[in-house]
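>
Residue numbers (the working numbering), protein chains in the order written: chain A, 5 to 306; chain B, 12 to 282.
1. Take residue 182(B) as the anchor and find which of 190(B), 97(B), 257(B) has the nearest alpha-carbon.
2. For a quick check, are the C-beta atoms of residue 273(A) and residue 34(A) less than 8 Å apart?
3. How would you list, in chain order, the residues of chain A whose beta-carbon sits under 8 Å from the beta-carbon of residue 106(B)?
4. Report the neighbours of residue 119(B) on chain A: residues whose CB is nearer than 7 Å to its CB, in chain order.
5. Quick one: any contact between the stretch 42-51 of chain A and the stretch 174-193 of chain A, if contact means 3 or more CB pairs under 8 Å?
6. Run down chain A in chain order and give the residues with a C-beta less than 7 Å from the C-beta of residue 124(B).
7. Can you give me, in chain order, the residues of the stretch 125-137 of chain B that have a beta carbon less than 8 Å from any beta carbon in chain A?
8. From what residue to what residue does the alpha helix (DSSP H) around residue 17(A) run?
9. So, does the CB of residue 277(B) fall closer than 8 Å to a CB anywhere in chain A?
10. Can you find the residues in the same chain that come closer than 8 Å, C-beta to C-beta, to residue 276(B), ignoring five residues on each side of it along the sequence?
11. For chain A, find out if any of its Cβ atoms is closer than 8 Å to the Cβ of residue 281(B); answer yes or no.
12. As a quick exercise: from 42(A), 40(A), 186(A), 77(A), pick the residue whose alpha carbon is nearest that of residue 58(A).
13. Can you tell me which of the three DSSP states residue 90(B) falls into?
14. Please check if any C-beta of chain B sits within less than 8 Å of the C-beta of residue 196(A).
15. Do the CB positions of residue 71(B) and residue 97(A) come within less than 8 Å of each other?
16. Which word fits residue 163(B), buried or exposed, when buried means at least 16 other C-beta atoms lie within 10 angstroms of its C-beta?
17. Run the CB neighbour count on residue 262(A), radius 10 Å, all protein chains shown included, and call it buried at 16 or more, exposed below.
18. Could you check the C-alpha separation between residue 90(A) and residue 251(A) for me, to the nearest Å?
19. Assuming residue 23(B) is part of the beta strand (DSSP E), what are its boundary residues?
20. Please classify residue 12(B) as buried or exposed, where buried requires at least 16 neighbouring CB atoms within 10 angstroms.
21. Count the other CB atoms within 10 Å of the CB of residue 234(A); is the residue buried (16 or more) or exposed (fewer)?
22. Between the Cα of residue 296(A) and the Cα atoms of 284(A), 241(A), 255(A), which residue gives the shortest distance?
23. List the residues of chain A that residue 199(B) touches, going by C-beta distances under 9 Å, in chain order.
24. Listed in chain order, which residues of the stretch 73-104 of chain A have Cβ atoms closer than 9 Å to some Cβ of chain B?
25. Taking 8 Å as the CB-CB limit, is residue 182(A) close to chain B?
26. May I ask you to list the residues that DSSP assigns as paired with residue 184(B)?
27. Exposed or buried, what is residue 290(A) when buried is set at 16 or more other beta-carbons lying within 10 Å of its beta-carbon?
28. Closer than 6 Å by C-beta to residue 53(A): which residues in its own chain qualify, once you throw out the five before and the five after it? Chain order, please.
29. Hey, is residue 153(A)'s beta-carbon within less than 8 Å of any beta-carbon in chain B?
30. If we define contact as Cβ-Cβ less than 8 Å, is residue 175(A) a contact residue for chain B?
31. Just how far apart, CA to CA, sit residue 18(B) and residue 188(A)?
32. Residue 238(B) to residue 40(B), Cα distance in whole Å?
33. Have a look at 227(A), 40(A), 127(A) and flag the residue whose alpha-carbon is nearest the alpha-carbon of residue 116(A).
34. Quick check on residue 231(A) - is its C-beta less than 8 Å from some C-beta in chain B?
35. Report yes or no: is there a C-beta of chain A within less than 8 Å of the C-beta of residue 148(B)?
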């Protein structure tokens, strides 16, 4: 009995921590959705692009780890800058659908650029954190939990606190929330939309880099990272597209639910339900709570 | 750069088109003297909002364009400026329909108006206190979420927010839309106060002709994109046509345009 409980705890904690990796990817989507009410289809490509650049800097140019990370983050800010200047600004007054299509195109451009610059082979990313159980926890709590999962959990926590502080207490954060509410009114009082766009795309780029590092360390830095971003979709549906805490909680729920279902119900379906269970959950949310757990409801005064 | 002329805003014969096709303004000229309140009056679709947006350069975001004529603000021609540059120059528009940031608190809404200015936290608080002296009601509700305040309060938030940008000129688009008469009076009192105490010049679009003229120095009446009539507020209030068509006061019992048109066509037929 105790063993069974321990095993359940292990599955649950492992799932929750793995879920933070989904959260990290979803965060990038939320940032851009808040500012421009568009689902950024290029987020997956940004993850791939950023982490491949990071690996390229380290492995092809022998740049030390920290410097390579800073360079890659800087590169993502440049990508944000170019996106604002060459994609978003010309489409400033276009409909949201047009911007949505543009993000799909941008995704292809980033994927192509990344592979042209750094090659197509799968790269190994060694963060110095192993993807194996932490001995101390295994010995003392009898739980087998991966060090990489724990790191991802910490990183996600730090990012959410950082973003929360940025939005709540800084001037540009206030500007972003104003734009998220009513972009027209924000520009009428002199909040320059281009600064806000620049901020969110750069922030989303850096978030993509962090998410890419976590996933790259686990699964190798490869093209499949692009599709990984699709896992963020059920996360966002559950958490709410416009909520940062929602992205985190949504990720945790998806991570936990898919692992628990896989282990306990999976055998009845012949396994591998991890792949589609989150989407089934997402469908239930779409039917009964379309704004997600934390999404901003349309406030209407009665 | 500021000029010595008496007008802060000088619109000369502007024509505005949306989508390069739809002609919204045919020929509008108007002046706002420094430190005065000017009312722009007319029915729905007459071109009041379009005129204001042409001035604040917000037209571009609705695919509108000034295709003819010129606008001069504070001695400078308005051409390629962006709305945020106009705010930097001291011209702020309060959009129609209040447009508060619903998820932000009342105070956050007001502070967001100072975005274009480089102010320290202390300066912002000082400005905020000054703004609250005009909008006493908002101080009580400073921590409420803006979406849950009343229509009148939301209008006050929108004006207070614009005032935080320290404008030389305010463009108010139908500030009393959908408000009870008592609130209409309250809003206009505040507007008048801002005008006299802060020296803000005001261009005000309104459908509420009577109240607007009573609180303005000068008035323009536009119809289908053209200025039909202009004059001092007093002269317009006493003008027979204005009385008849916009104020609904008439000896003959005609209450609106339809009645006038009907009467005229009857007259033609009997001739």
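C-beta atoms are modelled at their ideal positions from N, C-alpha and C, and glycine is treated no differently.
The short version:
1. With distances taken between CA atoms, residue 182(B) lies nearest to 97(B) out of 190(B), 97(B), 257(B).
2. no
3. Those within 8 Å of residue 106(B) in chain A are 188, 189, 192.
4. 178
5. no
6. 193
7. 126, 127
8. Residue 17(A) -> alpha helix (DSSP H) spans 6-40.
9. no
10. none
11. no
12. 77(A)
13. The DSSP-derived three-state label of residue 90(B) is coil.
14. For residue 196(A), the answer is yes, since a Cβ of chain B falls inside 8 Å of its Cβ.
15. yes
16. buried
17. Under this definition residue 262(A) is a buried residue.
18. 29 Å
19. 18-29
20. Confidence at residue 12(B) is low in this model, with a pLDDT of 43, below 50, so its placement is unreliable and the value that follows should be read with caution. That one is exposed.
21. exposed
22. 241(A)
23. By Cβ distance, chain A contributes nothing, its closest Cβ being about 21 Å from residue 199(B), past 9 Å.
24. If the cut-off is 9 Å between Cβ atoms, the stretch 73-104 of chain A has 96, 97 near chain B.
25. yes
26. Answer by DSSP bridge pairing, in chain order: 216(B).
27. exposed
28. 114, 118
29. No, residue 153(A) lies away from the interface with chain B (no Cβ there is under 8 Å from its Cβ).
30. yes
31. 28 Å
32. 7 Å
33. Nearest option by C-alpha distance: 227(A).
34. no
35. no
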